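For reference, the structure discussed in these notes is given below.
Number of protein chains: 2
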Amino acid sequence: MPRERPTLEAVARRAGVSRATVSRVVNGSPTVAEPIQRAVRQAVAELGYVPNLAARSLVTQRTDSIALILPESASRVFSDDQFFPGIVHGVSQELEEADKQLVLLMAGSAAGHDRVERYATARHVDGVLFASMHGADPLPGMLARMGIPVVCSGRPFGRSTVPYVDVDHIGGVSRAVRHLLDSGRTRIATIAGPQDMVAGVDRLAGYREALADSGRRSIVAVGDFTRESGAVAMRQLLADDPALDAVFVASDLMAHGALRTLREAGRRVPDDVAVIGFDDIELARYTDPPLTTVRQPILEIGRRMARQLLRLAAGEQIEQAVVLPTELVLRDSA
Amino acid sequence: MPRERPTLEAVARRAGVSRATVSRVVNGSPTVAEPIQRAVRQAVAELGYVPNLAARSLVTQRTDSIALILPESASRVFSDDQFFPGIVHGVSQELEEADKQLVLLMAGSAAGHDRVERYATARHVDGVLFASMHGADPLPGMLARMGIPVVCSGRPFGRSTVPYVDVDHIGGVSRAVRHLLDSGRTRIATIAGPQDMVAGVDRLAGYREALADSGRRSIVAVGDFTRESGAVAMRQLLADDPALDAVFVASDLMAHGALRTLREAGRRVPDDVAVIGFDDIELARYTDPPLTTVRQPILEIGRRMARQLLRLAAGEQIEQAVVLPTELVLRDSA
Chain A
89 MPRERPTLEA
99 VARRAGVSRA
109 TVSRVVNGSP
119 TVAEPIQRAV
129 RQAVAELGYV
139 PNLAARSLVT
149 QRTDSIALIL
159 PESASRVFSD
169 DQFFPGIVHG
179 VSQELEEADK
189 QLVLLMAGSA
199 AGHDRVERYA
209 TARHVDGVLF
219 ASMHGADPLP
229 GMLARMGIPV
239 VCSGRPFGRS
249 TVPYVDVDHI
259 GGVSRAVRHL
269 LDSGRTRIAT
279 IAGPQDMVAG
289 VDRLAGYREA
299 LADSGRRSIV
309 AVGDFTRESG
319 AVAMRQLLAD
329 DPALDAVFVA
339 SDLMAHGALR
349 TLREAGRRVP
359 DDVAVIGFDD
369 IELARYTDPP
379 LTTVRQPILE
389 IGRRMARQLL
399 RLAAGEQIEQ
409 AVVLPTELVL
419 RDSA
Chain B
89 MPRERPTLEA
99 VARRAGVSRA
109 TVSRVVNGSP
119 TVAEPIQRAV
129 RQAVAELGYV
139 PNLAARSLVT
149 QRTDSIALIL
159 PESASRVFSD
169 DQFFPGIVHG
179 VSQELEEADK
189 QLVLLMAGSA
199 AGHDRVERYA
209 TARHVDGVLF
219 ASMHGADPLP
229 GMLARMGIPV
239 VCSGRPFGRS
249 TVPYVDVDHI
259 GGVSRAVRHL
269 LDSGRTRIAT
279 IAGPQDMVAG
289 VDRLAGYREA
299 LADSGRRSIV
309 AVGDFTRESG
319 AVAMRQLLAD
329 DPALDAVFVA
339 SDLMAHGALR
349 TLREAGRRVP
359 DDVAVIGFDD
369 IELARYTDPP
379 LTTVRQPILE
389 IGRRMARQLL
399 RLAAGEQIEQ
409 AVVLPTELVL
419 RDSA
């Protein structure tokens, strides 16, 4: 970086505008006419001018940045799941409209978790979004008590009062299980998600409730939302009950793994075994056969989280919970 | 946020340590013993102390943040492709080790592109990574000329001299096409990627070169790296040459779409038509049949980009190009 910095005055002289105009342009004000903005940016580029934004941040006490914390182990976050990328996408769309920067922090390791805590409490950001948590993470509540705006995806475990955006897991799963019962299936198994996540717990609860209503017994294996765990869990279910005729799988990715196991075991889908997933990611339209699944609006979860946080950061009162609807999408697998 | 800020002295008194120790802890120095770190953080939390990091940034002239620019239209970046998530994952792993923050910027729209330019030239970040570009984007070169450390994924179009990390597209595709020829295929088509991206251009060049060596004629359809475009392109190829017996597809996701089209058209894979993809994302192990594909080390691309940028930001000389190897992974589709 250059040691001797050109001044704001030099840029103003070069561009033939006032210092105030230069300041407005480099601070990103939209009120300056486009040709003048271009002239100023040209002068900034030619002189290598570096605006003193750290000083500005001292004055305004705003960073115009929002942190999104992905607390999964980094290797899982972007494995092949569409949930986290979808959340990132939704959040970034909304922040782009609000002209805020998205700072992505991984809190998978203990060290990472620690770093997130330092970064957020140091007020490098105007607010913090948490995308899906394992167990009862104390960090969101701690940040919120320090006055930092916080919004979570998914109802937090325990007694946290941090605002969140979630979907109607139980309603969606109930519709899926009822669809299987209505089409005459009698031995309906499930591949549940991780039981230290609300999405895993609630989808299993939905399955158990709907089955209990029908008087059928539950047949459960637990995966971790990855394809491989779905394949393994399906093998276990077939060993536990070779006569099972349907399976509700708590994510599309696990359902993809389960479909491979069923194919390898010579079971036809849906003739021998009906399969229903959860998520409705793009993959669901390309499996063989195309997957019947419970749709959750992943992109919209991200957008709503960002909107809630921006409202909170602006000092507005917001809802403690926003719960978005789910729907059963019928294709060929059930 | 609290109006009256507790002082560093107050935190030091509460924690029973020196001001210098408090300062080291809030600035994230790893040299402070864990129990003392805990005591300081406890005091910070109890008092709601806010370290004056903006002031620190004024002194050090470093932001400890790196921007990753995703210049695709936002809706494509996270659609279902594993390339961009893989890059984000690799970059974040490497930056986590270096204790740097990852700032994610979308430059899909013209406004977004503009915002990225403002943000980077305002030195909110220590350096900028560009993940895959369409056409000859002038932004990386412009930032580099202003003295901002820049590294791109993929060889830039045109005469840019910005450092980049890429893979051996042409070598990988040549091995794929030779494998098809060696196994007796005679009518080998391709589904190419977008021709305004180097990955699209180079993979098509690799196909044409390998076929030209064999004296066979090329049969080409162009997709945009999405599943749907692969399905559409495969229909077009079958119409153009119903007797084709193999297809090299420039991405696994397009190959997944092509497999669905072949299934719908009653063609068996690999008996009637052999299929080879490119990427080796997890999906490739779960398609029916499992996909033979050219593996590129996506995670490693992200890690190397980050490492090159950190070296550049530290004032080191770095290689103009790092080109990582690709390999043919044999499964059942070819």
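Chains A and B are the protein sequences, given in the same order.
Quick note: the numbering used here has the first sequence finishing at residue 422, numbered continuously throughout.
Quick note: the numbering used here has the second sequence finishing at residue 422, numbered continuously throughout.
For every residue, glycine included, the Cβ atom is placed at its ideal position computed from N, Cα and C.
None of these values were measured; they are calculated from a predicted model.
Cutoff 8 Å; reference residue i; Cβ partners in own chain excluding five residues on either side
i, result
"residue 386(A)", "170, 171, 174, 175, 178, 367, 369"
"residue 299(A)", "265, 276, 305, 306"
"residue 212(B)", "151, 153, 155, 191"
"residue 147(A)", "Reliability fails at residue 147(A), whose pLDDT of 41 lies under 50, so the model's placement of it is uncertain and no value is given."
6 Å CB neighbourhood of residue i in its chain, flanking five on each side removed
i, result
"residue 140(B)", "A caution first: residue 140(B) carries a pLDDT of 49, below 50, which makes its placement in the model unreliable, though a value can still be read off. So the list is empty, once near-sequence residues are dropped."
"residue 324(B)", "309"
"residue 400(B)", "237, 406"
"residue 351(A)", "none"
"residue 218(A)", "157, 228, 240"
"residue 278(A)", "295, 308, 336"
"residue 142(A)", "For residue 142(A), the predicted structure reports a pLDDT of 42, less than 50, and the residue's modelled location is therefore unreliable. A value from the coordinates is still provided. Nothing meets the Cβ criterion."
"residue 192(A)", "156"
"residue 103(B)", "127, 128, 131"
"residue 282(A)", "288, 312"
"residue 107(B)", "96, 100"
"residue 91(B)", "Only weak support is given to the placement of residue 91(B): the predicted model assigns it a pLDDT of 40, under 50, and the value that follows is read from those uncertain coordinates. Excluding positions up to five away in sequence, the list is empty."
"residue 261(A)", "291, 294, 295"
DSSP state of residue i mapped onto helix, strand, coil
i, result
"residue 374(B)", "coil"
"residue 234(B)", "coil"
"residue 383(B)", "strand"
"residue 332(A)", "coil"
"residue 278(B)", "strand"
"residue 77(B)", "As displayed, chain B neither begins before 89 nor continues past 422, which places residue 77(B) out of reach and without an answer."
"residue 353(A)", "coil"
"residue 266(B)", "helix"
"residue 389(A)", "helix"
"residue 396(B)", "helix"
"residue 119(B)", "coil"
"residue 316(A)", "helix"
"residue 145(A)", "Model confidence at residue 145(A) stands at a pLDDT of 44, short of 50, so the residue's coordinates are unreliable and nothing is read from them."
"residue 343(B)", "helix"
"residue 107(A)", "helix"
"residue 327(A)", "helix"
"residue 213(B)", "coil"
"residue 369(B)", "coil"
"residue 401(A)", "helix"
"residue 321(B)", "helix"
"residue 175(B)", "helix"
"residue 112(A)", "helix"
Strand pairing of residue i, partner residues [DSSP]
i, result
"residue 184(A)", "DSSP lists no partner for residue 184(A)."
"residue 417(A)", "381(A)"
"residue 219(B)", "241(B)"
"residue 363(A)", "335(A)"
"residue 207(B)", "Looking at the DSSP assignment, residue 207(B) forms no beta bridge with any residue, so it has no partner."
"residue 190(A)", "154(A), 192(B)"
"residue 412(A)", "255(A)"
Residue interval of the beta strand (DSSP E) (run including residue i)
i, result
"residue 307(B)", "307-310"
"residue 250(A)", "Here residue 250(A) belongs to no beta strand (DSSP E), and DSSP marks it neither H nor E."
Close-in-space but distant-in-sequence residues of the same chain around residue i (CB under 7 Å, 5 per side omitted)
i, result
"residue 396(A)", "239, 251, 253, 406, 410"
"residue 353(A)", "326"
"residue 293(B)", "258"
"residue 205(A)", "227"
Endpoints, the alpha helix (DSSP H) within which residue i is located
i, result
"residue 132(B)", "122-135"
"residue 97(A)", "96-103"
"residue 296(B)", "286-302"
Near the ligand FMN: residue i beta-carbon under 7 Å from a heavy atom
i, result
"residue 235(A)", "The model depicted lacks the ligand FMN and carries no ligand whatsoever."
Exercise. Taking any Cβ of chain B, which residues in the stretch 234-253 of chain A have a Cβ under 7 Å from it, in chain order?
Worked result: Those residues of the stretch 234-253 of chain A that come within reach of chain B (Cβ to Cβ, closer than 7 Å) are 234, 235.
For this session: Residues of the stretch 370-395 of chain A with a CB closer than 7 Å to any CB of chain B: list them in chain order, please.
Result: Of all residues in the stretch 370-395 of chain A, only 370, 371, 374, 376 come within less than 7 Å of chain B when Cβ atoms are compared, listed by chain position.
Exercise. Mind listing which residues of the stretch 167-183 of chain A have their C-beta closer than 7 Å to chain B's C-betas, in chain order?
Worked result: Residues of the stretch 167-183 of chain A with a C-beta atom less than 7 Å from some C-beta of chain B are 167, 168, 170, 173, 174, 176, 177, 180, 181, listed in chain order.
For this session: Can you give me, in chain order, the residues of the stretch 280-311 of chain B that have a beta carbon less than 7 Å from any beta carbon in chain A?
Result: Interface annotation for the stretch 280-311 of chain B against chain A: empty, criterion Cβ-Cβ distance under 7 Å.
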